[in-house]
Amino acid sequence: MPPVLHRPSIVLLVASGALLAGSIVQPAAASASGSYEHSVQTRTNAERVDRDLKRVKKSACLDAFAEKQARAMAAQGRIFHQDLDPILAKCHLSQVGENVAFGYPSGKAVTAAWMNSPRHRQNLLNPRHRLIGVGAYTDADGHYYVSQVLGRKA
């Protein structure tokens, strides 16, 4: 049985890990999950614009990987990174990075946490990133597992 996480957690990946397919956990109500994900993208762009960086645009390809990762983390009850090599290849990217988190109640809260972590902040504010995908799934207790995948086309 995986360890129980009692406080919000965040993890960063800019290189590679392993993509895991776990049992499917139902997402939060579609409107709640969609609202959370939209908030992450909106807050990410607000942080970027405040620093004269280009906005990132939603990518269906990155979004699919982010959704799958958030679902896998919720199913396993832990946060971890996925292998970024398949994302580079399947989404035709020259660069990709991922931020993951657990336990933050809103998109605003998780984005603020990433901004307060130097390495996550660096990933989120990378001036080369132009695309974003966000996945947010809840566990049985209603805690969010989040994956933010950022990248740039080749």
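Mind the numbering: the sequence shown is residues 2 to 155 in the working numbering, read in order. Beta carbons are placed, not taken as given, at the ideal position from N, Cα and C, and that holds for glycine.
> Whose C-beta lies closer than 6 Å to the C-beta of V97 among residues of the same chain, with five residues either side of it excluded?
Replying inline: Looking up residue 97 in the sequence shown gives position 96. Answer for V97: L85, I88, L89 and G152, listed in chain order.
> For K59, which beta-bridge partners are listed by DSSP?
Replying inline: If you number the sequence shown from 1, residue 59 lands on position 58. For K59, which the question treats as bridged, DSSP gives the partners I133.
> Applying the criterion that 16 or more other CB atoms from any shown protein chain within 10 Å of the CB defines a buried residue, is S95 buried or exposed?
Replying inline: Sequence index remark: in the sequence shown, residue 95 carries index 94 (1-based). Residue environment for S95: exposed (fewer than 16 other C-beta atoms within 10 angstroms of its C-beta).
> Does the ligand SAM have even one heavy atom less than 8 Å from the beta-carbon of V57?
Replying inline: Among the components modelled here there is no ligand, and therefore nothing to report on the ligand SAM.
> What number of angstroms, rounded off, separates the C-alpha of T112 from the C-alpha of S118?
Replying inline: On the sequence shown, residue 112 is found 111 positions in, with the first residue counted as 1. On the sequence shown, residue 118 is found 117 positions in, with the first residue counted as 1. Computed Cα separation, rounded: 10 Å.
> How is the alpha helix (DSSP H) around L125 delimited, first residue to last?
Replying inline: As a working mapping, residue 125 is identified with position 124 in the sequence shown. P119 to L125 is the extent of the alpha helix (DSSP H) around L125.
> In chain order, what residues of the same chain lie with their CB nearer than 6 Å to the CB of S148, ignoring the 5 residues before and after it?
Replying inline: Along the sequence shown, one-based indexing puts residue 148 at 147. So the list reads A67, Q70, A71, V101 and G136, once near-sequence residues are dropped.
>> If contacts are defined as beta-carbon pairs under 8 Å, then L130 and V57 qualify, I think. What distance do you get, rounded to the angstrom?
In response: In the sequence shown, counting from the first residue as 1, residue 130 sits at position 129. In the sequence shown, counting from the first residue as 1, residue 57 sits at position 56. According to the sequence shown, residue 130 is His rather than Leu. With 8 Å as the limit, H130 and V57 qualify as a contact, their Cβ atoms being about 6 Å apart.
>> For N46, which residues in the same chain have their Cβ closer than 6 Å to its Cβ, ignoring the five residues on either side in sequence?
In response: Within the sequence shown, numbered from 1, the residue matching residue 46 stands at position 45. Closer than 6 Å at Cβ, skipping near neighbours: R56.
>> If distances are taken between C-alpha atoms only, which option among V50, D140, A65 and I80 comes closest to L125?
In response: Here residue 125 refers to the residue found at position 124 of the sequence shown. Nearest option by C-alpha distance: V50.
>> Just to confirm my understanding: we take A75, look at its own chain, exclude 5 residues before and 5 after, and list those with CB closer than 7 Å. What are they?
In response: Residue 75 sits at position 74 when you count from the first residue of the sequence shown. If we look at A75 and ignore the five residues flanking it on each side, its Cβ neighbours are V26, Y138, T139, D140 and Y146.
> What are the uninterrupted segments assigned as beta strand (DSSP E) that are 3 or more residues long and contained completely in the region 53-117, given in chain order?
Replying inline: List check, beta strand (DSSP E) in window: 94-103.
> Based on Cα-Cα distance, which residue from A65, G104 and L54 lies nearest to G78?
Replying inline: As a working mapping, residue 78 is identified with position 77 in the sequence shown. Of the candidates A65, G104 and L54, the one whose C-alpha sits nearest the C-alpha of G78 is G104.
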